[in-house]
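Report on the structure given below.
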Amino acid sequence: MGGSKKSAFAPANAALTQAGNIVELLVEVVRNTFRRPFQFREFIEQAWFIASVTILPTALVAIPFGAVVSLQTGSLIKQLGAESFTGAASVLAVIQQGSPLVTALLVAGAAGSAVTADLGSRTIREEIDAMRVLGIDPVQRLIVPRVLAMILIALLLNGLVSVVGIAGGYFFNVILQGGTPGAYLASFSALAQLPDLYVAEAKAAIFGLIAGIIASYKGLNPNPGPKGVGEAVNQTVVITFLLLFFANLILTLVYLQVVPAKGA
């Protein structure tokens, strides 16, 4: 009877243990960020690598995303008889929700999986253990530059997605749906406000942090062998996606409570 109870609670215990280890790694990353010497060269190399594998897919995803949002909101608002607010609604949807999520998913899917595979291969080759034996902290040497690089690139990609998404929405709304260019642009100031951009950048930074921490943790703790590295990569993508959507919900709720809507 006792064995069955233990087996029933084993997944929950494993999940809680893993969550605690991830939080511990987060604390170590924050502490080691301010330690010297800072691995500036590693940071630049990782930022360049993450940007190289995410810029093109992000831009390609942003174009149809902005088009879909613009077409859907334009059709809905036209039914409501408020065509003058099409631009503002499209911009709010892209900036507040779309661009941070698109950025985070691509950073987690492309860059996060690559970071996990790199760290996982180092772990199974016992390079991480060798660094600890030599007195080198792998968190300071390898993890901190990768996490900071993910945050930086997430912030930059968020701006790219916002610009491309809004431009795509403008094109499809004005060209395909016969909207008025002046009304589309003038409606920005009707509903949109500067804190919308601030919360989008804050979301991108937090999503980049989550993706970097999860990828680093899974890369440092894979199951033995190449198969374990592959499993760690899959787990990184799944866990990161789940946490990103949950974090987006929490941040959106907090933002809507703290910052009142314009005109409210």
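Heads up: take any position in the sequence shown, counting from 1, add 85, and you land on the numbering used here. Idealized CB from N, CA, C, for every residue including glycine.
Where the alpha helix (DSSP H) containing residue i begins and where it ends
{"i": "ASN391", "result": "Any property of residue 391 remains undetermined from this structure, which presents the chain solely from 86 to 349."}
{"i": "PHE119", "result": "Run containing PHE119: none; DSSP gives neither H nor E here."}
{"i": "LEU341", "result": "310-343"}
{"i": "PHE256", "result": "229-256"}
Straight-line Cα distance separating residue j from residue i
{"i": "VAL248", "j": "ILE324", "result": "29 Å"}
{"i": "ALA234", "j": "GLN157", "result": "35 Å"}
{"i": "VAL176", "j": "VAL344", "result": "17 Å"}
{"i": "PHE330", "j": "VAL259", "result": "31 Å"}
{"i": "GLY250", "j": "LEU334", "result": "21 Å"}
{"i": "THR102", "j": "ALA285", "result": "31 Å"}
{"i": "PRO311", "j": "ILE213", "result": "16 Å"}
{"i": "ASN319", "j": "THR143", "result": "20 Å"}
{"i": "ASP222", "j": "ALA215", "result": "10 Å"}
{"i": "VAL322", "j": "GLY304", "result": "12 Å"}
{"i": "ALA252", "j": "GLY151", "result": "8 Å"}
{"i": "ILE238", "j": "GLY293", "result": "8 Å"}
Collapsed DSSP secondary structure at residue i in the structure displayed
{"i": "GLY220", "result": "coil"}
{"i": "GLN181", "result": "helix"}
{"i": "GLN131", "result": "helix"}
{"i": "GLU211", "result": "coil"}
{"i": "GLN225", "result": "helix"}
{"i": "PHE123", "result": "coil"}
{"i": "GLN278", "result": "coil"}
Subject >> Segment contact flag, the region 174-185 with the region 242-260, C-beta cutoff 8 Å, min 3 pairs >> reply: The region 174-185 and the region 242-260 touch, with no fewer than 3 CB-CB distances between them shorter than 8 Å.
Original post:
Should the region 278-293 be regarded as contacting the region 189-208, the criterion being three or more beta carbon pairs within less than 8 Å?
Top reply: The region 278-293 is in contact with the region 189-208.
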